[in-house]
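Residue numbers (this note's numbering), protein chains in the order written: chain A, 11 to 243; chain B, 13 to 313; chain C, 9 to 369; chain D, 230 to 530.
Right, one structure below, let's go through it.
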Amino acid sequence: MFKRGIPIAILSLTGTLLVAAHFSPMTQSWGEVVLNWFSVVAAITAILGAGNLLLVNLEKISSRRPGWAYSAITIAAFAAMLVFGFLKIGAVPNPQNPTVYFAGDYETRESAYGWMYEYVMSPLTATMFALLAFYVASAAFRAFRAKNIEANILLVTAFIILLARTYAAELLTGWVPKDSAFFFVRLDAMSTGVIEHVATAGMRAITIGIALGALATSLRFMLGIDKSYLPRS
Amino acid sequence: MRIRQAHASALRIASLSAASMCAAIAWAQDAAPAAVDGAVAAEAAKAWFDTGRLGLLLAVAVASACIIAGIVIARLGGSVRIRRIAALEAIDEAVGRATEMGRPVLFVPGIQDMNDIQTVAGITVLGRVAKTAAEYDAQLEVPTARSLVMTAARETVQSAHYAAGRPETYSEGRINYITDEQFGYVAYLSGKMVRDKPAACFYMGAFYAESLVLAENGNAIGAIQVAGTAEPSQLPFFVAACDYTLLGEEFFAASAYLSGERDQLGSIRGQDIGKLLVAASIVVGCAMATYASIALAFGGS
Amino acid sequence: MSNPTTPSGGAKGPSPVAMIALLLFLLAAVADQTLFSEPYFARKYVDLKSNERIQARHTGADGESRTAWLEPTDQKIVSGEWKPVEGVDPVKWTTRPAVTEKEYEAVQAELAANPGTAPTRTLEASPIDTLGVWVAAFLTLAIFSFLWRDNPVYKVAESLLVGVSAGYWMVNGFWTALVPKLIAPLAPGFTQSNLLPDLQASSTPGLDFALALVPLTLGFLLLWRLAPRGGWISVWPLAFIIGTTAGLKVISSVEADLLPQSLEAMKPLVVFSPQADDAAKLGFDFWMSLSSLVGVVGVLSVLVYFFFSVEHKGAVGKTARVGIWFLMITFGSAFGLTVMGRITLLSQRFEFLFTDWLRIG
Amino acid sequence: MTDQTPHIGPVRRLLVRLGDIDRRWIYLSMALAVAIPMLTGLSFPETPGKMSSATFDAIESVPAGAKVLFSFDYDPASEGELQPMANAFVHHCAARGHKMAFMALWPLGKQMAEATIDSILLANHPQYRYGEDYVQLGYMPGFETVIKGLTTNFASQYPLDVRGTPIGNIPLMSDVKTLQDFDLIVTVSAGYAGAKEWVQYAKSTYPDAYVLAAGSTGVQANQLFPYYPTQMEGLLAAVKGAAEYETLVAAAYPPPAHPERLEEGRRRMGPQFVAHLLMIGLIVLGNASMFAARGMKGGRR
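Next up, the structure:
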């Protein structure tokens, strides 16, 4: 009952309330309250995550498992961010209330937290993301093979888009007049045509399918049919 | 016989709902401008029902009715046969191969929280992967980007171990939260893949840019890769770089398919009824629009 | 030891060589800043801006007195409408927005041209920001080194990123959600005097308090997961989260995707549009008609591909095949567009290395 | 085995061997393809396309001095593509005298907004006053629930601005009760939550209340095309869209200071050109190598 009954009840009740809140102005404010709760619970999940992160890494350090020194770096970085952020070290005072220390803005570039963000976190995430340019190149070489008709279609489309989205389009087909009967030979016209008419049709059908899939999944949860998230009774 | 009956009733429901869908669409178009009108909205603030949204309510009701009809038909004993989904059949093969090679299995449930339906579907697929892994005694690792997903994954994997009759092999420590930050998580995963060399990698959930980082690293270490996502922008990369991919809606269907429960399989049928209905209304809509276009061109001149 | 079946390469802890290299690198950065007069590499400049606030009081016509912190040059103080409060010290602080090297040189040149005049802006090289650029450059290269192969420098960057980002999200969630939405209704007085001085008193403090207990309880149940026993209770908040999502999704999937996308797919298959030479005349528009036809065929065939209760055989199979072709075109175009984005990301990182760090761009 | 290999020409042999090339050579070629044009300053003129012009017109369509809500739904990882768009959007709106509120659905979006305010808004339009002409609301966790909340009660999601002032006390925001009090919404978006959610939860519910313009990464653009132009009046796709829009904005409203900050998008098109050619070359080479090797295998069998 506590393990399965109550969670299903909570789920169905919250879901139904939010559906009702969309149609009935009377219950609209209840919906707002639920959404507020949601953001609080979502913020508390960060504490759970941090707790688990600490447990795992401290265990690694204390048992001197291989690579424990890296765990120490993780913990030190984590602790530094918490100290900088919670204590608002170096934060600029709030202009309207300069005497209330914790009213200051901790994220400006004057604060320690802001420095960590600007020079540690931001370059690391952006570079991690930039690795994709390399992976995209190796995938192009390795995976995009014209094995069958389907793969050929994909490749030709990709070629058109790749060429049309740079100055190459102008160089290759720029000489075809825009208002001639053969305007569709122009790469930019082809690319727009493919994107706006063909790819959009495919995307539209995918979107409709996904909408139905999402609706069905939501209903399965609200009706208590899908219980995969629940523990064993 | 029974199957044919179910089909007939499904068709009846479909045609009935097609009619109401058309009505709903007409309503939605008529009613929408009224809802925006400031005065009307303010007046409606205390009402128990926002009449401006009646059309939407109807549409939601019809769409939900399709799904529920599918479930009801399944309960009444209608067929719940589903077409072959190759990527699903690959799960057992991939886990089996990892066991043979004595290497771990990696399951990545995407980078979104439990508030994304895809993550939820991914966790359902995890249930099946975990059960197979427990049966084969393969080592399954699930690093997550959200602590709630970790919570859900632990429950699911533990249940799977019970279901496989191997509760003693369940270890919570293999399912861990890493960080919420997308690329922090990816940096960790890339490193982990290169170091641990999992033989099978599953990517099931909401994926964004990391799809290709994972798929390329997985390929470099020679893992069997099975992916599933409803994020259309990432599908081309998974399709190209992984061995099997659940495309969009297939992914949602997969979670129901794997459960093997009649109710859930029925809901997939319900989705099909919904699609039939949508297709029917598109055909009707196109016919009407074409007629209107021709009438305007020839009647007008 | 760990699982013998997973030989993890280089799981020995950071190599001393890498650590020493890192140290030397940072030392070089500081040396560049302090020892060499001519900076060839990164040097960041900031504009020192001083701020001051004094507490002032204003007594209105109704005799009600209000205080506020204002700039000494504020019009309200200059006009005498607001009077500085006696015995309260002014508060001063400095902000340091970044400026480009060009701006710095322009100000220096101006100073050199007019010696003796007081500078309008105080621009100076900032050691802490210069160090920052070096750290950022080092970390950028550390991540790129993964392309060569997994190595201790990458592992350091990876561990750092995991720790910093986990801390970042936690601090962010605390100040943006927990303080205004949980702590404020639970302890309005404390929040008002210490955390959010501008918080307005609620008209229903009792109700707010009671309502805030719900997410607090759910959060507590969630954290129970960290306890050695009874972690299953965390499915209660989990059910709440999934319920919220499911409720929102039921509406949004129909309202935003299903209905409008189906409507958009309904197009006239024969399109007539005004003629170029005579706008009053309607003529058959070949391209528009083709576009509608392609659009409708595409949507319908892909929908058929997604039918699960029918095997892909016969007519259904053929239509599904056409659906796959449409899907492939969609994927091809997605691929092309994505490549574009990925390359931009790389250009941006290179711009940082070349321009901000090496100064060769 | 090698002694059974039929005689093959040197070109074909090379192609076959190319198939097993170390991926690091490919990585290096990509690095050079981006770095060399960047260092040599390769650049091309831009001709604005249909969508970029539509986006420009969408912002022009709102009367001067209107209220604009900017949502910065991206982080530094997507800065390369999106920052040029954000710069051009903010400069365009400021040149039209619009009042701007900045918010973020991504935690790091707040910093991105902060940087844009400093480097574009205040640097080019020093007459903008905080609280009267622009306001920074900061990040709010909750994804689409935030948008949904904004449509019913703005202050329920943003009771305070980043300086801790209740929004009721801010002149710019004092008469904003719901999202519908804004005339234009501009989202610069890298994924979830972002442009798609703004369509789903704001534009679909109140289609006539505001104009919606979005700047999107290339990846996400494919998902957004179906919404343009009915559910989204303006859409910029990838750095190409940014470069085109920049051209339009800079021509209509030349920035008084720092014109180089409105050239970032165009500057990035040079490396783009070379890298795209490299990509095509790689795909062709990869396929050539596959066909060369396939013939050989056939001979062995």
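Note that beta-carbon positions come from the ideal geometry of N, C-alpha and C, so glycine has one too.
As the structure is a computational prediction, the values presented were derived from the model and not from experiment.
{"Query": "Reference V222(C), options R14(A), S148(A), T24(A), closest by Cα", "Result": "T24(A)"}
{"Query": "V137(B) and G240(B) closer than 8 angstroms at C-beta", "Result": "yes"}
{"Query": "Backbone secondary structure at G238(C) - three-state DSSP", "Result": "coil"}
{"Query": "For T407(D) and A209(C), the rounded distance between their alpha carbons", "Result": "21 angstroms"}
{"Query": "Contact under 8 angstroms by Cβ, F454(D) with E206(A)", "Result": "yes"}
{"Query": "Rounded C-alpha distance that separates E462(D) from T434(D)", "Result": "15 angstroms"}
{"Query": "Whole-angstrom distance between G447(D) and A466(D), CA atom to CA atom", "Result": "5 angstroms"}
{"Query": "Minimum Cβ-Cβ distance from M336(C) to chain A less than 8 angstroms", "Result": "yes"}
{"Query": "Cβ-based neighbour list, D255(B), same chain, cut-off 7 angstroms, excluding 5 preceding and 5 following", "Result": "A102, I236, Q237, V238"}
{"Query": "Within chain D, the residues that S245(B) reaches when beta carbons sit closer than 7 angstroms", "Result": "V448, Q449, N451, Q452"}
{"Query": "Proximal residues to A424(D) (C-beta, below 6 angstroms), its chain only, five neighbours per side dropped", "Result": "T416, S418, A443, S445, L453"}
{"Query": "Classification of L21(A) by the beta-carbon crowding that lies within 10 angstroms, buried from 16 upward", "Result": "buried"}
{"Query": "Segment contact, 8 angstroms Cβ cut-off, at least three pairs: the stretch 208-223 of chain B with the stretch 178-185 of chain B", "Result": "no"}
{"Query": "Chain B within 8 angstroms of T252(C), Cβ atoms only", "Result": "yes"}
{"Query": "Interface residues of chain A facing L56(C) [CB-CB closer than 8 angstroms]", "Result": "Simply none; closest approach about 11 angstroms."}
{"Query": "CA-to-CA distance, T63(B) to T253(C), given in whole angstroms", "Result": "24 angstroms"}
{"Query": "Nearest candidate by alpha-carbon position, reference F383(D), set E361(D), R392(D), Y363(D), D410(D)", "Result": "D410(D)"}
{"Query": "Residue ranges of each alpha helix (DSSP H) within the stretch 141-190 of chain B, 4 or longer", "Result": "159-175"}
{"Query": "Euclidean distance between Cα positions of A328(C) and L311(C)", "Result": "8 angstroms"}
{"Query": "For L56(C) and A87(A), the rounded distance between their alpha carbons", "Result": "29 angstroms"}
{"Query": "A191(A) burial status per 10 Å Cβ neighbour count (16 or more: buried)", "Result": "exposed"}
{"Query": "CB contact below 8 angstroms: T476(D) versus chain C", "Result": "no"}
{"Query": "Three-state secondary structure (DSSP) of W77(C)", "Result": "strand"}
{"Query": "Residues of the stretch 501-513 of chain D whose Cβ lies closer than 8 angstroms to any Cβ of chain C, in chain order", "Result": "Q501, A504, H505, M508"}
{"Query": "Start and end residues, alpha helix (DSSP H) containing P381(C)", "Result": "Lying outside 9 to 369, the shown extent of chain C, residue 381(C) is not represented and no answer is given."}
{"Query": "C-alpha distance - R104(C) paired with V179(C), whole-angstrom precision", "Result": "23 angstroms"}
{"Query": "Any chain B beta carbon closer than 8 angstroms to M200(A)", "Result": "no"}
{"Query": "Residue closest to I351(C), alpha-carbon to alpha-carbon, out of M498(D), P458(D), L413(D)", "Result": "M498(D)"}
{"Query": "Exposed unless 16 or more other CB atoms sit within 10 angstroms - verdict on L70(B)", "Result": "buried"}
{"Query": "Residues from the stretch 230-242 of chain C in contact with chain B, defined by Cβ distance under 9 angstroms", "Result": "L230, R233, G239, W240, S242"}
{"Query": "Through-space distance from A264(C) to I250(D), alpha-carbon basis", "Result": "47 angstroms"}
{"Query": "DSSP-derived helix/strand/coil call for N382(D)", "Result": "coil"}
{"Query": "Contact check, A174(C) vs Y53(C), beta carbons under 8 angstroms", "Result": "no"}
{"Query": "Selection from A143(A), V110(A), Y123(A) that minimises the alpha carbon distance to I253(A)", "Result": "Past the boundaries of the shown model lies residue 253(A); chain A is included only from 11 to 243, so the question cannot be answered."}
{"Query": "Contacts that C298(B) makes with chain C (C-beta to C-beta distance below 9 angstroms)", "Result": "A273, M274, K275, P276, L277, S300, V304"}
{"Query": "Own chain residues within Cβ distance below 7 angstroms of V279(C), not counting five before or after", "Result": "D293, M296, S297, S300"}
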